[in-house]
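Engineer:
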RNA sequence: GGUCGCAUAGCUCAGCUGGGAGAGCACUUGCCUUACAAGCAAGGGGUCAUAGGUUCGAGCCCUAUUGCGACCACCA
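Residue numbers (the working numbering): 29 to 905.
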């Protein structure tokens, strides 16, 4: 205990050094607890498109708290860091950079050069992210760091793709998909965000071949260039006669068969639907059911193609205008209605997505979804909070096949090779030497890459070495916990679960802890476009990582959104300062104390036993909260115990003994102070790792807090009697302080206290007289016999005793009278309420005995107090 | 349209299986009391959204209503 602490807490000074010490000391490796049971958390790998935001900080903090808790409990904890290559997002950013720097498109640069740039980008940002993760305090095992584009992980992706292909779970097909005309790639259903927009619903006349016409409503008139039919509801009497006949597509003159399909809603619009199989997901299905032709009218830029006649080459919005103008001219527009409808946008670039038909790779979801639903139903995988499993189920039960090919360069290139001569498809890790069909020797690899989430889905086991049979995989898989936000359940959680089951036979983790989103002070989502994002590093610079961590998790509940306010972080920065100063106090007063000293239990005083017992309670509660993932509650308990009980009471109570002459009493106080303080540091460590480790090092040289053992609850430390005794002493001090404050008596005016205690409390008060004087601004205190009376004095009552404070010149009589009057009416009201309650027969009959007794006791107390107050009033007047 | 969440102190939010409501910030008053003014002590402030119901007893359970938010689906 040599080291000294500064007078105020300075995070800058301590954090970096401590992190390096931990990391270089190998404290983050699971091997630090070689005998321990394995415990693993899956870190959601941040993507490399930019800096970390508060959401990541929250993610990391929650996980790090769990990891540190388990590590201290002796588990062999594994937490693997890594990053995600973020195919689309990175490709967009790199393309932009290239354009800004060289004024070239990615096609002009070429695939090879482009990938070089992308790798440079990823190296830079991976580094940034790793630094940020460290600063937050994450105790990740960096020796096992992974990246989704690592060679080994590429192997895993190939293995996964090929094995699913061989089982028929991965297939290639010409189907309707979501197309982003700006990213120029296919998207999966999850990558499309629907937003409500106001638009027009145009009612357009379609002539019939045999004369007459139909009116059809549409919000996207340009897609009529791809119409290949008309559909009506089979039960719609208005149209039954027309089914089987033919309509003529205006502008292009194409013949459109009229079919009946129950998908059509009789009530909506005019009750008939133009069918555009290549540009609408539902129309695609209708087209298939009725064998309608497929006419693709848009190209990859969302411009009209050669099937669109004179509109060929126009952008989709230009074409819309032109089509409408021509229809108008021909008098075919019946009316224009304003409506609100949902429009799909690309989740990365926000462009309006076009559904179009295209040749793509898919994952067949039905067979994968079934077991994935089962493991959650039977409790192998548990969502916390429970309600999120419902969201998971509805998605899994209705999921469509997953489009996994992307027309991009940055990512895992699809391991499919096509024979240059006969087109034969070989799915394999490397290009085959010879075509199995025609014997041709040259193959071309599929140009496309896989959806980023395809590799993310393998993360929980690919990072452990799968498909190889590694030691890590055997020891640490399945993982224990995944912590993430609800926004990512479909993108990632669901896909990890079915991929894990498919490839390893087990779901990838036991618990999924879902947290909320961090919102700005106005409750809005944090986003780049609003510019309301908060950089966690700046917060760390201002208040320290410990304060940030506490500010993020204190008083939050799982799954609930968190509104960001920095004043909360500031409050926990203050708490760090409090910790620092409590530690200073301890260090000063433990000067010369030998930690190996043992003290006989008999020499411990009530106050020692009280604080030991209370700390013991807290150990039990905090551990229980952590086991239930109630991290916010756990921390708040520690916060208020440390501040309100340990600092404000215990330290104040022992001060006299620590500076006193009585050797054995002093030693007992030191022993208690030391051990309780160390225990509290341990309990706080998972939440505020830096400051606690720093302080710990001032007390103990040869051990690091990060691997110290987590305190355990013990019956031997339960001192209910002493808890009650000190509770009474505290009540006495509070009562006197309160009375004096209400009377406006200056703290410098010391008084005498006469404590008339019930027999069994006499010893307790006698043992603590000096302390009571010190804390209640008294110059003298003594225990007197019950019935003690003295004129002209202030009288306060607590459970066990009545305290008389002679007034002398201390007090204002009128004020005191007023106080007593209000006190009297309050007490009378309370007594009234209680007696009404106790006169209720059914209450007495049906309520548990303990409750009834409690109420009776309260009534007796209130009545006693009432008569005392009356007495005091009499005396005053 | 379907599903879910939230309404508690001036503000931001906790409140576990039902036993007369808590924290942080803000506010009032008094204190530089030798760990800490980023502090100490005392205090004010809440018909726990509304209306019913269950219960001896409801912030908590049930029903309905209102307001806010999210997610999914989708209407051409």
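By construction, the Cβ of each residue, glycine as well, lies at the ideal position given by its N, Cα and C atoms.
Please state whether DSSP places residue 256 in a helix, a strand or coil.
Structural biologist: Three-state DSSP puts residue 256 in coil, outside helix and strand.
Engineer: Going by beta carbon distance, what residues of the same chain come within less than 8 Å of residue 671, once the five residues before and after it are set aside?
Structural biologist: Within the same chain, residue 671 has close Cβ partners 603 and 606.
Engineer: Check the DSSP bridge columns for residue 387 and list the partner residues they point to.
Structural biologist: According to DSSP, which records beta bridges pairwise, residue 387 is partnered with 202.
Engineer: Are residue 893 and residue 825 closer than 8 Å when you measure CB to CB?
Structural biologist: A contact, by the Cβ cut-off of 8 Å.
Engineer: Which residue from 443, 292 and 632 puts its Cα closest to that of residue 264?
Structural biologist: Here the closest residue by C-alpha is 292.
Engineer: Under a Cβ-count criterion, where at least 16 other Cβ atoms within 10 Å of its own Cβ denotes burial, should residue 908 be classed as buried or exposed?
Structural biologist: The structure shown does not extend to residue 908, since the chain is modelled only from 29 to 905, so the question has no answer here.
Engineer: Buried or exposed: which applies to residue 296, given that a residue is buried once 16 or more other Cβ atoms fall within 10 Å of its Cβ?
Structural biologist: Label assigned to residue 296: exposed.
Engineer: Please state whether the Cβ-Cβ distance between residue 442 and residue 474 is less than 8 Å.
Structural biologist: Taking 8 Å as the Cβ cut-off, residue 442 and residue 474 qualify as a contacting pair.
Engineer: Using the three-state DSSP reduction, which class does residue 907 fall into: helix, strand or coil?
Structural biologist: No answer is possible for residue 907: it lies beyond the span of the chain, which begins at 29 and ends at 905.
Engineer: With DSSP as the reference, label residue 149 as helix, strand or coil.
Structural biologist: DSSP places residue 149 in helix when its eight states are reduced to three.
Engineer: Taking the DSSP output, what are the residues bridged to residue 410?
Structural biologist: In the DSSP output, where bridge partners are listed per residue, residue 410 has 539.
Engineer: Quick one: residues in its chain with C-beta nearer than 8 Å to the C-beta of residue 610, no 5 flanking neighbours on either side, listed in chain order?
Structural biologist: Counting only Cβ-Cβ distances below 8 Å, and skipping sequence neighbours, we find 670, 674, 675, 679 and 705.
Engineer: Distance, Cα to Cα, residue 759 vs residue 794?
Structural biologist: Answer to the nearest angstrom: the Cα atoms are 15 Å apart.
Engineer: What is the DSSP secondary structure of residue 834, counted as helix, strand or coil?
Structural biologist: Of the three classes helix, strand and coil, the one that applies to residue 834 here is strand, per DSSP.
Engineer: Quick check: residue 273 and residue 301, are their CB atoms within less than 8 Å of each other?
Structural biologist: Going by C-beta atoms, residue 273 is not nearer than 8 Å to residue 301.
Engineer: Quick one: what does DSSP say residue 78 is sitting in, helix, strand or coil?
Structural biologist: Coil.
Engineer: Rounded to whole angstroms, what is the Cα-Cα separation between residue 428 and residue 308?
Structural biologist: Going by the C-alpha atoms only, they are around 15 Å apart.
Engineer: Under the DSSP definition of a beta bridge, which residues are partnered with residue 242?
Structural biologist: In the DSSP output, where bridge partners are listed per residue, residue 242 has 234.
Engineer: Since residue 69 sits in a beta bridge, which residues does DSSP pair it with?
Structural biologist: Per DSSP, 107 and 509.
Engineer: In angstroms with no decimal places, state the Cα-to-Cα distance between residue 624 and residue 117.
Structural biologist: So the alpha carbons of these two residues sit roughly 58 Å apart.
Engineer: Alpha carbons only, please: which of 108, 703 and 591 is nearest the one belonging to residue 626?
Structural biologist: Looking at the Cα atoms, 703 is the closest of the given residues.
Engineer: Is the beta carbon of residue 395 less than 8 Å from the beta carbon of residue 229?
Structural biologist: Not a contact, by the Cβ cut-off of 8 Å.
Engineer: According to DSSP, is residue 373 helix, strand or coil?
Structural biologist: Reduced to three states, the DSSP call for residue 373 is strand.
Engineer: Between which residues of its own chain and residue 722 is the CB-CB distance below 7 Å, once the five residues before and five after are set aside?
Structural biologist: Cβ neighbours of residue 722 beyond the five flanking positions: 42 and 46.
Engineer: From what residue to what residue does the beta strand (DSSP E) around residue 215 run?
Structural biologist: From DSSP, the beta strand (DSSP E) with residue 215 extends over 213-215.
Engineer: Grab the span of the beta strand (DSSP E) containing residue 810 for me, first residue to last.
Structural biologist: Residue 810 -> beta strand (DSSP E) spans 806-812.
Engineer: Excluding sequence positions up to five away, which residues of its chain have a Cβ less than 6 Å from the Cβ of residue 792?
Structural biologist: Only 753 meet the Cβ criterion.
Engineer: Within this structure, are the beta carbons of residue 634 and residue 743 separated by less than 8 Å?
Structural biologist: No.
Engineer: Assign residue 227 to one of three DSSP states: helix, strand, or coil.
Structural biologist: If DSSP states are grouped into helix, strand and coil, residue 227 belongs with the strands.
Engineer: With C-beta atoms as the reference, is residue 771 less than 8 Å away from residue 844?
Structural biologist: Yes, they are a contact pair.
Engineer: Which one or two residues does DSSP pair with residue 286 in a beta bridge?
Structural biologist: Paired residues: 258.
Engineer: Alpha carbon to alpha carbon, how far is residue 108 from residue 170? Give it in angstroms, no decimals.
Structural biologist: Near 7 Å, if we compare the C-alpha coordinates of residue 108 and residue 170.
Engineer: Look at the Cβ atom of residue 89, then the Cβ atom of residue 577, and state whether they are nearer than 8 Å.
Structural biologist: Yes, Cβ-Cβ distance for residue 89 and residue 577 is below 8 Å.
Engineer: With a threshold of 16 other CB atoms inside 10 Å of the CB of residue 505, please say whether the residue is buried or exposed.
Structural biologist: Looking at its Cβ environment, which holds 16 or more other Cβ atoms inside 10 Å, residue 505 is buried.
Engineer: Assuming residue 72 contacts residue 87 under a Cβ cut-off of 8 Å, what Cβ separation, rounded to an integer in Å, is found between them?
Structural biologist: 6 Å between Cβ atoms; contact.
Engineer: Which residue or residues does DSSP assign as beta-bridge partners of residue 546?
Structural biologist: 590.
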